[in-house]
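**Student:** Protein sequence lines, in the order shown, are assigned to chains A and B.
Going by this note's numbering, 258 is the number at position 254 of the first sequence; the sequence numbering is gapless.
Going by this note's numbering, 283 is the number at position 282 of the second sequence; the sequence numbering is gapless.
Just so you know, even glycine gets a beta-carbon here, dropped at the ideal spot from N, CA and C.
In this text, all values refer to a predicted model and were calculated from it rather than measured experimentally.
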Amino acid sequence: MAKYTARRLLYSVIILFFVMFIIYTLMYNMPSGYVETKARELASRPGATKSYAEWLADLNAQYGMDKGVVQGYLVWLSNAVRGNWGDSWAWTIPVTEEFHNTVWFSFILGLVSFIFEIIIAIPLGITAAKNQYGFTDYFTTVVSMICISMPTFFVATVLKYVFSVKLGWFDLSGMQGRDYMYLSDFGKFLDVAKHFVLPSITIIIISIGGLMRYTRTNMLEVLNADYIRTARAKGVPEKKVINYHAFRNTLIPLVTTLGGSLPGLFSGALITETLFSIRGIGYASYTSMTQADIPFIMFYLAFISILTLLGNLISDLLYAAVDPRVRLS
Amino acid sequence: MAENKGNSSYISGKESRRITKFNRQVTRKLEKERANANKDPNLYTTKMKDENNVVEFDNVCTYFFSDVGTVKAVDGVNFNIPKHATVGVVGESGCGKSVTSLSLMQLLQRPSGQTVGGEIRFNQGDGTALNIVNTPNSIMEKLRGNKISMIFQEPMTSLNPVFRIGEQIDEVTELHNPEMSKEEVKARTLEMLELVGIANKEGVYSMYPHELSGGMRQRICIAIALACSPTLIIADEPTTALDVTIQAQILDLLQNLKDKLNSSIMLITHDLGVVAGMADYVVVMYAGRVIEKGTAADIFHNPCHPYTIGLMKSKPVVGKKVDALYNIPGSVPNPVNMPNYCYFRDRCEMQCEHCSGKYPPEIRISDTHVVSCYRHLGEGETLGYPKSVNVEELL
Numbered sequence: 005m006a007k008y009t010a011r012r013l014l015y016s017v018i019i020l021f022f023v024m025f026i027i028y029t030l031m032y033n034m035p036s037g038y039v040e041t042k043a044r045e046l047a048s049r050p051g052a053t054k055s056y057a058e059w060l061a062d063l064n065a066q067y068g069m070d071k072g073v074v075q076g077y078l079v080w081l082s083n084a085v086r087g088n089w090g091d092s093w094a095w096t097i098p099v100t101e102e103f104h105n106t107v108w109f110s111f112i113l114g115l116v117s118f119i120f121e122i123i124i125a126i127p128l129g130i131t132a133a134k135n136q137y138g139f140t141d142y143f144t145t146v147v148s149m150i151c152i153s154m155p156t157f158f159v160a161t162v163l164k165y166v167f168s169v170k171l172g173w174f175d176l177s178g179m180q181g182r183d184y185m186y187l188s189d190f191g192k193f194l195d196v197a198k199h200f201v202l203p204s205i206t207i208i209i210i211s212i213g214g215l216m217r218y219t220r221t222n223m224l225e226v227l228n229a230d231y232i233r234t235a236r237a238k239g240v241p242e243k244k245v246i247n248y249h250a251f252r253n254t255l256i257p258l259v260t261t262l263g264g265s266l267p268g269l270f271s272g273a274l275i276t277e278t279l280f281s282i283r284g285i286g287y288a289s290y291t292s293m294t295q296a297d298i299p300f301i302m303f304y305l306a307f308i309s310i311l312t313l314l315g316n317l318i319s320d321l322l323y324a325a326v327d328p329r330v331r332l333s
Numbered sequence: 002m003a004e005n006k007g008n009s010s011y012i013s014g015k016e017s018r019r020i021t022k023f024n025r026q027v028t029r030k031l032e033k034e035r036a037n038a039n040k041d042p043n044l045y046t047t048k049m050k051d052e053n054n055v056v057e058f059d060n061v062c063t064y065f066f067s068d069v070g071t072v073k074a075v076d077g078v079n080f081n082i083p084k085h086a087t088v089g090v091v092g093e094s095g096c097g098k099s100v101t102s103l104s105l106m107q108l109l110q111r112p113s114g115q116t117v118g119g120e121i122r123f124n125q126g127d128g129t130a131l132n133i134v135n136t137p138n139s140i141m142e143k144l145r146g147n148k149i150s151m152i153f154q155e156p157m158t159s160l161n162p163v164f165r166i167g168e169q170i171d172e173v174t175e176l177h178n179p180e181m182s183k184e185e186v187k188a189r190t191l192e193m194l195e196l197v198g199i200a201n202k203e204g205v206y207s208m209y210p211h212e213l214s215g216g217m218r219q220r221i222c223i224a225i226a227l228a229c230s231p232t233l234i235i236a237d238e239p240t241t242a243l244d245v246t247i248q249a250q251i252l253d254l255l256q257n258l259k260d261k262l263n264s265s266i267m268l269i270t271h272d273l274g275v276v277a278g279m280a281d282y283v284v285v286m287y288a289g290r291v292i293e294k295g296t297a298a299d300i301f302h303n304p305c306h307p308y309t310i311g312l313m314k315s316k317p318v319v320g321k322k323v324d325a326l327y328n329i330p331g332s333v334p335n336p337v338n339m340p341n342y343c344y345f346r347d348r349c350e351m352q353c354e355h356c357s358g359k360y361p362p363e364i365r366i367s368d369t370h371v372v373s374c375y376r377h378l379g380e381g382e383t384l385g386y387p388k389s390v391n392v393e394e395l396l
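What follows is the structure, given as structure tokens:
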């Protein structure tokens with residue numbers, strides 16, 4: 005197991021090297037990058053002393069964009085390995101600081117939604133499978149299809165209309181209330197939590213359907229298996245058949261999918277964050293992307309790539325943990 | 002049978018909707034009745050007709066309410082399983098052998114599969130009997146694995162892949178003997194493993210099913226089935242998935258254990274050789290009905306129903322040279338739409354003048370030998386006709 009993990013980690017490093025190179029090349033070749041925009045802006049200022057071409061050459065040298073793709077990448081890489089991720093061009097603060105400022109909002113939003121998604125979707129999927137073709141089954145199927153089909157902005161808008169405009173329970177958007185500054189620490193926490201309710205519900209609604217369908221399909225497959233009939237023939241009570249014998253087998257595919265969703269917790273929910281004006285990582289990375297902020301984008305994508313590779317490794321390890329037929333070697 | 006309707010598996014949309022609606026109503030009603038049976042023990046306690054039987058099937062009708070119509074998988078089956086005897090149930094695929102045994106265990110795929118008529122009486126040993134058809138699930142759970150246990154035909158998939166062997170055998174002992182301590186349960190499991198002929202019992206105890214071969218797994222299934230010393234073991238084609246040498250071992254094992262535990266066996270198979278070697282009594286089924294039953298000697302030396310005669314002719318015999326084995330012409334009628342004359346008539350080579358009439362009654366041609374064929378009408382006492390349930394009246 006340890007040997008397997010070590011080898012997988014080694015592979016991950018190699019994969020990461022090439023992934024980051026591809027991303028760097030794409031960012032480098034983006035038309036109208038940050039440097040071009042900046043040079044044009046400086047050259048068109050009243051009383052500009054240098055022409056656009058001169059500014060461009062100057063800025064390229066300053067930002068380290070004059071060395072070509074391969075060398076530029078290697079410079080970035082050698083800095084990154086030493087923990088020096090550079091300053092964000094768009095936010096004009098160190099990349100890690102901007103990341104630190106935004107990621108936790110996204111993480112909490114993602115984690116809360118993730119937990120609720122599991123708590124709601126898995127039991128519902130199992131209930132639906134238990135009553136196949138019954139009312140509960142059709143009901144959950146219809147609900148999950150609706151959940152899958154509705155776009156985020158629509159759900160968010162409906163929620164805002166009902167709970168903010170009509171009922172007035174929550175603020176329309178933002179992360180803090182009007183009198184945030186006057187609240188105690190605990191009050192501040194509650195205030196932020198309250199502003200996270202609608203975004204969380206939005207994410208839960210749009211993500212619940214898929215997991216529910218997935219659980220239902222897997223549970224149905226397991227319930228029709230021969231060993232479930234054996235369990236019943238042993239005289240095992242129906243509840244235990246479902247919750248122990250069948251669930252333990254349904255867990256195998258579920259765990260692998262859930263293990264793979266680790267990066268999702270950190271990558272942020274771009275649309276939801278934008279709609280509710282939450283300064284999360286999704287929103288920040290999007291803004292950086294549009295401004296061709298290479299240091300921030302490189303950092304963000306490196307982070308997500310590492311998490312994706314880790315997520316894959318974790319789901320493989322979990323697979324071996326829940327399924328005795330899988331042995332890693 | 003839909004003689005002139007052309008393709009009988011085709012149904013119109015209107016017909017399909019009618020069937021679905023009907024199925025929903027019937028199954029809902031039957032499920033409700035079953036739920037209500039819980040309250041009154043009188044509804045499911047009865048008396049055996051003969052105390053020497055473990056199980057009596059009395060005109061059992063198990064139907065499947067499918068999307069193409071009601072499939073009468075088992076339709077008026079009568080036979081008994083005497084104490085300490087092996088009863089072989091033979092017949093071709095789809096003739097209702099397994100459904101009969103699943104009805105006895107109440108393991109049918111509900112709600113579409115329902116036992117709609119007749120009685121399955123299970124001897125409790127204290128003068129009373131349970132009518133399995135109406136017995137609520139809570140009582141059935143105490144019976145299954147404890148008094149009646151079942152060995153399935155697919156050892157490769159019959160064990161739960163994520164639990165250890167020991168755990169799976171322990172479970173059945175624990176369930177039915179809650180007073181036993183953990184050590185006692187484990188000791189019992191190891192004893193069972195030894196009983197079914199597993200040499201490395203301590204090792205196998207902590208193995209997973211995928212680490213064992215098919216024959217080993219079938220032994221484990223047998224150990225699970227026998228852990229509580231049941232009065233009846235249902236072996237549903239226990240050797241079909243195994244190779245011939247292992248088959249012989251498994252059958253020997255079953256026979257020995259049966260004698261040791263004083264149980265009865267209901268052996269379901271389509272292998273006549275297995276039946277000849279194992280069974281005391283033989284029941285021949287065809288298209289959901291028993292067509293002939295008797296002792297093994299009756300069936301093998303004096304087969305009376307044309308179908309049984311055909312079966313006997315179609316098996317290879319050592320030392321006899323034939324160019325081609327006999328095969329019974331034609332095929333089984335469509336189970337959705339059974340004719341109301343002898344189901345075997347269209348394939349029968351020995352028809353007589355009565356055969357155009359309704360389904361033949363059971364005729365007792367000797368003390369032990371009963372056959373449903375008009376050729377033997379008058380040779381013995383006529384016992385009665387198998388009674389179908391009219392599903393329209395269930396509503």
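Per DSSP, which residues does Ala130(B) bridge with? Please list them.
**Tutor:** The residue given as residue 130(B) occupies position 129 in the second sequence. In the DSSP output, where bridge partners are listed per residue, Ala130(B) has Thr47(B) and Asn124(B).
**Student:** Between Leu44(B) and the rest of its own chain, which residues show a CB-CB distance below 6 Å, the 5 nearest in sequence each way excluded?
**Tutor:** In the second sequence, counting from the first residue as 1, residue 44(B) sits at position 43. Cβ within range, chain order: Ala38 and Asn135.
**Student:** How about Asn124(B) and Pro83(B): do their beta carbons lie closer than 8 Å?
**Tutor:** Sequence index remark: in the second sequence, residue 124(B) carries index 123 (1-based). Sequence index remark: in the second sequence, residue 83(B) carries index 82 (1-based). In this structure, Pro83(B) does not lie closer than 8 Å to Asn124(B) by Cβ.
**Student:** Please list the terminal residues of the continuous beta strand (DSSP E) segment that includes Arg365(B).
**Tutor:** Along the second sequence, read from residue 1 onward, the residue named residue 365(B) stands at position 364. Here the beta strand (DSSP E) through Arg365(B) covers Glu363 to Arg365.
**Student:** With contact counted as at least three CB pairs below 8 Å, one residue from each stretch, are the stretch 219-232 of chain A and the stretch 246-265 of chain A in contact?
**Tutor:** The stretch 219-232 of chain A vs the stretch 246-265 of chain A: in contact.
**Student:** Please list the partners that Lys238(A) has in chain B, where partner means a Cβ-to-Cβ separation under 8 Å.
**Tutor:** In the first sequence, the residue the question calls residue 238(A) occupies position 234. Those within 8 Å of Lys238(A) in chain B are Arg145, Gly146, Ser150, Glu172, Val173, Leu176 and Ile225.
**Student:** Give me the residue from Tyr56(A), Pro257(A) and Thr41(A) with the minimum Cα distance to Ala296(A).
**Tutor:** The residue you call residue 296(A) lines up with position 292 of the first sequence. Measuring from the Cα of Ala296(A), the nearest candidate turns out to be Thr41(A).
**Student:** Name the chain A residues that come within less than 8 Å of Val163(B), Cβ to Cβ?
**Tutor:** Here the question's residue 163(B) lines up with position 162 in the second sequence. Within chain A, the residues near Val163(B) are Arg252, Asn253, Ile256, Val326, Asp327 and Pro328.
**Student:** Contact criterion: CB-CB distance below 8 Å. Does Glu121(A) meet it with respect to chain B?
**Tutor:** Counting from one through the first sequence, the residue named residue 121(A) turns up at place 117. Taking Cβ atoms only, chain B never reaches closer than 8 Å to Glu121(A), which makes this a no.
**Student:** Would you identify the three-state DSSP class for Asn5(B), choosing helix, strand or coil?
**Tutor:** Residue mapping note: residue 5(B) aligns to position 4 of the second sequence, counting from 1. Confidence is the limiting factor: at Asn5(B) the pLDDT is only 45, short of 50, which leaves the residue's position unreliable, though a coordinate-based value still follows. Correct three-state label for Asn5(B): coil.
**Student:** Would you mind reading off the limits of the beta strand (DSSP E) that contains Leu268(B)?
**Tutor:** The residue you call residue 268(B) lines up with position 267 of the second sequence. Its beta strand (DSSP E) spans residues Ser265 to Thr270.
**Student:** Determine the burial state of Val75(B): buried for a count of at least 16 other Cβ atoms within 10 Å of its Cβ, exposed for fewer.
**Tutor:** Walking along the second sequence from the start, residue 75(B) turns up at place 74. Under this definition Val75(B) is a buried residue.
**Student:** So, Leu108(B) versus Arg236(A), is the Cβ gap smaller than 8 Å?
**Tutor:** In the second sequence, residue 108(B) corresponds to position 107, counting from 1. In the first sequence, residue 236(A) corresponds to position 232, counting from 1. In contact: Leu108(B) and Arg236(A) (Cβ atoms closer than 8 Å).
**Student:** Answer with buried or exposed for Arg122(B), where buried requires no fewer than 16 other C-beta atoms within 10 angstroms of its C-beta.
**Tutor:** Along the second sequence, one-based indexing puts residue 122(B) at 121. Buried is the call here.
**Student:** Under 8 Å: do the stretch 174-181 of chain A and the stretch 198-217 of chain A share three or more Cβ pairs, one atom per stretch?
**Tutor:** They touch, by the three-pair rule.
**Student:** For Leu20(A) versus Ser309(A), is the C-beta spacing smaller than 8 Å?
**Tutor:** By one-based count along the first sequence, residue 20(A) stands at place 16. By one-based count along the first sequence, residue 309(A) stands at place 305. Against a cut-off of 8 Å, the Cβ pair of Ser309(A) and Leu20(A) comes out as a contact.
**Student:** Considering only residues of the same chain and omitting the five flanking positions on each side of Leu60(A), which have a CB-CB separation below 8 Å?
**Tutor:** Within the first sequence, residue 60(A) is the residue found at index 56, counting from 1. Once the five neighbours on either side are set aside, the close Cβ partners of Leu60(A) are Val39, Glu40 and Ala43.
**Student:** Looking only at C-alpha atoms, which of Tyr137(A), Asn88(A), Thr96(A) and Ser265(A) sits nearest to Ile318(A)?
**Tutor:** Within the first sequence, numbered from 1, the residue matching residue 318(A) stands at position 314. Here the closest residue by C-alpha is Ser265(A).
**Student:** Going along the chain, which residues of its own chain have a beta-carbon closer than 7 Å to the beta-carbon of Glu4(B), five neighbours each way excluded?
**Tutor:** As a working mapping, residue 4(B) is identified with position 3 in the second sequence. Below a pLDDT of 50, predicted positions are generally treated as unreliable, and Glu4(B), at 42, falls in that range; the measurement from the model is reported next regardless. Hits under 7 Å: none found.
**Student:** Taking its Cβ as the centre, do 16 or more other Cβ atoms sit within 10 Å of Gly331(B), making it buried, or is it exposed?
**Tutor:** For the purposes of this step, residue 331(B) is taken as residue 330 along the second sequence, with counting starting at 1. Exposed, because fewer than 16 other Cβ atoms sit within 10 Å of the Cβ of Gly331(B).
**Student:** Pro179(B) by DSSP, collapsed to three states: which one?
**Tutor:** On the second sequence, position 178 is the one that residue 179(B) refers to. Reduced to three states, the DSSP call for Pro179(B) is coil.
**Student:** Select from Ala6(A), Tyr8(A) and Trp80(A) the residue whose C-alpha is nearest the C-alpha of Ile301(A).
**Tutor:** Taking the first residue of the first sequence as 1, we reach residue 301(A) at position 297. Closest option to Ile301(A), Cα to Cα, is Trp80(A).
**Student:** Skipping 5 residues on each side, what residues in its chain have a beta carbon closer than 8 Å to that of Asn83(A)?
**Tutor:** In the first sequence, residue 83(A) corresponds to position 79, counting from 1. The answer, listed in chain order, is Trp89 and Gly90.
**Student:** Can you give, in chain order, each stretch of the beta strand (DSSP E) that sits fully within the stretch 218-287 of chain B and has at least 3 residues?
**Tutor:** The stretch 218-287 of chain B contains these whole beta strand (DSSP E) runs: 233-237, 265-270 and 282-287.
**Student:** Buried or exposed for Tyr142(A), going by 16 or more other Cβ atoms inside 10 Å?
**Tutor:** Indexing the first sequence from 1 puts residue 142(A) at position 138. Exposed is the call here.
**Student:** List in chain order: all unbroken alpha helix (DSSP H) runs of 4+ residues lying wholly within the stretch 271-325 of chain A.
**Tutor:** Segments of the alpha helix (DSSP H) lying fully in the stretch 271-325 of chain A: 274-279 and 285-294.
**Student:** Taking the C-alpha atoms as reference points, what is the distance between Leu63(A) and Val73(A)?
**Tutor:** Mapped onto the first sequence, residue 63(A) falls at position 59. Mapped onto the first sequence, residue 73(A) falls at position 69. Roughly 16 Å between the two C-alpha positions.
**Student:** Residues of chain B with a CB under 8 Å from the CB of Arg233(A): which are they?
**Tutor:** Locating residue 233(A) in the first sequence gives position 229, where the first residue counts as 1. Those within 8 Å of Arg233(A) in chain B are Leu108, Phe153 and Ser159.
**Student:** Look up Pro257(A) in the DSSP assignment and give the residues it is bridged to.
**Tutor:** Here residue 257(A) refers to the residue found at position 253 of the first sequence. Answer by DSSP bridge pairing: none, since Pro257(A) is not bridged.
**Student:** Hey, is Glu225(A)'s beta-carbon within less than 8 Å of any beta-carbon in chain B?
**Tutor:** The residue given as residue 225(A) occupies position 221 in the first sequence. So no, Glu225(A) is outside the interface.
**Student:** What is the C-beta distance between Asp237(B) and Ser102(B), in whole angstroms, given that I count them as a contact (C-beta under 8 Å)?
**Tutor:** Locating residue 237(B) in the second sequence gives position 236, where the first residue counts as 1. Locating residue 102(B) in the second sequence gives position 101, where the first residue counts as 1. Contact holds; Cβ gap of about 6 Å.
**Student:** Run down chain E in chain order and give the residues with a C-beta less than 8 Å from the C-beta of Asp320(A).
**Tutor:** Reference to chain E is not applicable here, since the protein chains of this structure are A and B.
**Student:** Thinking Thr87(B) and Asp281(B) are a contact (beta carbons under 8 Å), I'd like their distance in whole angstroms, please.
**Tutor:** Here residue 87(B) corresponds to residue number 86 of the second sequence, with the count starting at 1. Here residue 281(B) corresponds to residue number 280 of the second sequence, with the count starting at 1. The pair is a contact, with the Cβ atoms about 5 Å apart (cut-off 8 Å).
**Student:** Looking only at C-alpha atoms, which of Phe22(A), Thr9(A), Tyr67(A) and Ser48(A) sits nearest to Gly37(A)?
**Tutor:** Reading the first sequence from its first residue, position 33 is the one you call residue 37(A). With distances taken between Cα atoms, Gly37(A) lies closest to Tyr67(A).
**Student:** Quick one, which of Lys314(B), Thr47(B), Gly92(B) and Gly385(B) has its alpha-carbon nearest Thr270(B)'s?
**Tutor:** Start at 1 with the first residue of the second sequence, and residue 270(B) comes out as number 269. Cα-wise, what sits closest to Thr270(B) is Gly92(B).
**Student:** Under a CB-based cut-off of 8 Å, is Ala160(A) close to chain B?
**Tutor:** Taking the first sequence and counting its residues from 1, the one referred to as residue 160(A) is at position 156. Cβ-Cβ to chain B under 8 Å: no for Ala160(A).
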